[in-house]
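Beneath this line is the structure, given in structure tokens, with notes to follow.
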Amino acid sequence: MNKLIDELLDSVDLSTYGLERTKLNHSIELDESGTEVDPNPRGVHNVDEDKDPLDEIIQTFNERWFQGWDATPEDQRMKLVNLTKSIKRHPDYKTKVAENKDVLNRDLAFKKILNDVMSKQRRQELELYKLYAKDEAFQQAFLNTMKRMTESRQLRV
Numbered sequence: 063m064n065k066l067i068d069e070l071l072d073s074v075d076l077s078t079y080g081l082e083r084t085k086l087n088h089s090i091e092l093d094e095s096g097t098e099v100d101p102n103p104r105g106v107h108n109v110d111e112d113k114d115p116l117d118e119i120i121q122t123f124n125e126r127w128f129q130g131w132d133a134t135p136e137d138q139r140m141k142l143v144n145l146t147k148s149i150k151r152h153p154d155y156k157t158k159v160a161e162n163k164d165v166l167n168r169d170l171a172f173k174k175i176l177n178d179v180m181s182k183q184r185r186q187e188l189e190l191y192k193l194y195a196k197d198e199a200f201q202q203a204f205l206n207t208m209k210r211m212t213e214s215r216q217l218r219v
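Residue numbers are given in my numbering: position 78 of the sequence shown equals residue 140, and the series is strictly consecutive.
Structure representation (structure tokens):
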């Protein structure tokens, strides 16, 4: 199979493919009538400079998963921040996650560290741990949120 792919690649002369310049010093005429450009819906608009990115991450997560949670928003924030700090203090975090260039291994190490932290914190955060252990969708969303929070420069350990 590899031999066939190598033969195919060798048979194509990539130097023959490229842009061809057909005109030099040619100007493009633009229509002088009024035009309007639609805004990019994926761009950043109306950015509130006072909002902390960490607070936005937590708020989005809480709105999605903790509608019935009895804790106040500040308690929810503190629980997530404390879990994030525990992840960053884990003995393997620096070498296996923060300084790891291999994305796949870094993700696997992060998941293992998060599992370790959640296991250690299960008594203090029983409701959160039950949801984490039983609901795969929650577990993935929680994992992604914790990644974003640990990568946030606003959170110091």
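Backbone N, C-alpha and C define an ideal beta-carbon position, used for all residues, glycine too.
Since this is a predicted model, take the numbers as computed values, not measurements.
Asked                                                                                                                                                                   : Found
Quick check on this structure: which residue in V165, L66, L145, L70 has the alpha carbon closest to the alpha carbon of M180?                                          : L145
For K173 and D68, I'd like the C-alpha separation in whole angstroms.                                                                                                   : 38 Å
Looking at the structure shown, is T134 part of a helix, part of a strand, or coil, going by DSSP?                                                                      : coil
According to DSSP, is P86 part of a helix, a strand, or is it coil?                                                                                                     : The amino acid at residue 86 is misidentified as Pro; the sequence shows Leu. L86 falls in the coil class under three-state DSSP.
Take every Cβ of the stretch 202–211, pair it with every Cβ of the stretch 133–141, and state whether three or more of those distances are shorter than 8 Å.            : no
Could you check how far apart the C-beta atoms of I175 and V159 are, in whole angstroms? I think they sit under 8 Å.                                                    : 7 Å
Got a sec, what are the start and stop residues for the alpha helix (DSSP H) S181 sits in?                                                                              : 165–183
By alpha-carbon positions, which one of W127, E125, Q183, K65 ends up nearest to S148?                                                                                  : Q183
Excluding the 5 residues flanking I119 on each side, which residues of the same chain have their C-beta closer than 8 Å to its C-beta?                                  : T207, R210, M211, S214
If you drop the 5 nearest sequence neighbours on each side, which residues of the same chain put their C-beta closer than 8 Å to that of R126?                          : A203
Determine, using beta carbons only, whether K141 and L188 come nearer to each other than 9 Å.                                                                           : no
Would DSSP call Q201 helix, strand or coil?                                                                                                                             : helix
Assuming contact is defined by CB atoms lying nearer than 9 Å, are R168 and N162 in contact in what I supplied?                                                         : yes
Excluding the five sequence neighbours on either side, which residues of its own chain have a C-beta within less than 7 Å of the C-beta of A171, listed in chain order? : D154, K158, V159, N162
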